[in-house]
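The numbering of the sequence shown is our numbering, which starts it at 127 and goes up by one.
Beta carbons: idealized from backbone N, C-alpha and C, even for Gly.
Bear in mind the structure is a predicted one, so any value in this text is a computation, not a measurement.
Below: the structure, in structure tokens.
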Amino acid sequence: MRLKAAIALNALIVALEVWAIGNGVEQRGIGDFMYYTELSNLFGGIACALCLAGEVHALRSGRPLARGLRIAKYCASCCLLMTFFVVVLVLMPSFYAAGLDGFRLMFCVRELPITHFLGPLLVFASYVLFEADRAMTLQQSLIATVPTLAYAVVAYPCNIARLWEGPYPFFLVWEMPVWQSVLWFLALLVLSLALAQVPRLVGRLVKNEPAQ
127 MRLKAAIALN ALIVALEVWA IGNGVEQRGI GDFMYYTELS NLFGGIACAL CLAGEVHALR
187 SGRPLARGLR IAKYCASCCL LMTFFVVVLV LMPSFYAAGL DGFRLMFCVR ELPITHFLGP
247 LLVFASYVLF EADRAMTLQQ SLIATVPTLA YAVVAYPCNI ARLWEGPYPF FLVWEMPVWQ
307 SVLWFLALLV LSLALAQVPR LVGRLVKNEP AQ
């Protein structure tokens with residue numbers, strides 16, 4: 127029954143992500159993939175599609191879901207949590223500071239209810255309820271920071287070279303002193319490291335197993 131529920135939830139997530147990403151590309155073209163939001167949702171959709179296929183196979187064969195698929199889903203969950211918390215902690219306040227309705231702009235426009243909220247929530251719930259890797263240690267969990275660091279490694283040089291402008295305020299290196307850019311980088315790194323522990327630890331709680 128749990129496996130069938132996992133399959134149904136992954137199928138729902140894949141359908142939502144296909145619609146949301148397709149809508150974003152239709153509105154903004156291929157440049158939509160400059161945004162961490164779109165990349166993290168694409169990652170989440172792919173991870174859920176792979177888990178969906180793996181769980182269908184597991185249902186037929188009686189074999190457990192491959193650990194590699196669990197790790198992919200874990201990393202996707204962490205990236206989507208990063209998306210949600212950057213929206214809540216950084217982007218919404220910046221819109222409110224400019225006199226705009228940050229909540230409406232971030233959560234109520236076009237595909238944003240999915241990419242900023244439902245996607246992160248459902249992928250996180252799917253992982254901790256059905257696919258949590260109970261063997262994952264603190265050291266192994268650091269792999270979840272790699273996609274975020276890879277994005278930063280591209281975004282910062284592109285902004286320094288003036289090939290990109292943003293697309294997020296903390297990447298606007300020419301509009302702030304160097305120390306402020308460094309602080310932004312460190313703050314985002316700490317956030318990524320902290321969020322990497324959330325699915326791991328919550329998954330352990332759901333499984334009623336103490337964390338390592």
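Asked                                                                                                                                               : Found
Could you check how far apart the C-beta atoms of Val254 and Leu206 are, in whole angstroms? I think they sit under 8 angstroms.                    : Between Leu206 and Val254 the Cβ distance is about 13 angstroms, and since that is not below 8 angstroms, they are no contact.
Using only the alpha-carbon positions, how far apart do Val125 and Ala258 sit?                                                                      : Outside the shown range of the chain, which is 127 to 338, sits residue 125, and nothing can be said about it.
Let me know if Phe283 comes out buried or exposed under the rule of 16 or more other beta-carbons within 10 Å of its beta-carbon.                   : Note that residue 283 corresponds to Pro in the displayed sequence, not to Phe. Answer is exposed; the Cβ neighbour count stays below 16.
Use the C-beta contact count for Gly155: other C-beta atoms within 10 angstroms, 16 or more gives buried, fewer gives exposed.                      : exposed
Among the residues of its own chain, which have a CB less than 6 angstroms from the CB of Ala337, if the five just before and after it don't count? : Note on Ala337: pLDDT 40, under 50, position unreliable in the model; the coordinate value appears next. Cβ within range, chain order: Leu327 and Arg330.
May I ask which residues mark the beginning and end of the alpha helix (DSSP H) holding His183?                                                     : Tyr162 to Ser187
For the alpha helix (DSSP H) that contains Pro293, what are its first and last residues?                                                            : Element bounds for Pro293: n/a, residue is neither H nor E.
Would you tell me roughly how many angstroms separate the C-alpha atoms of Phe256 and Pro219, rounded to the nearest one?                           : 34 angstroms
By Cβ distance, which residues of its chain are closer than 8 angstroms to Ile133, with the 5 residues on each side in sequence left out?           : Leu178, Glu181, Val182 and Leu185
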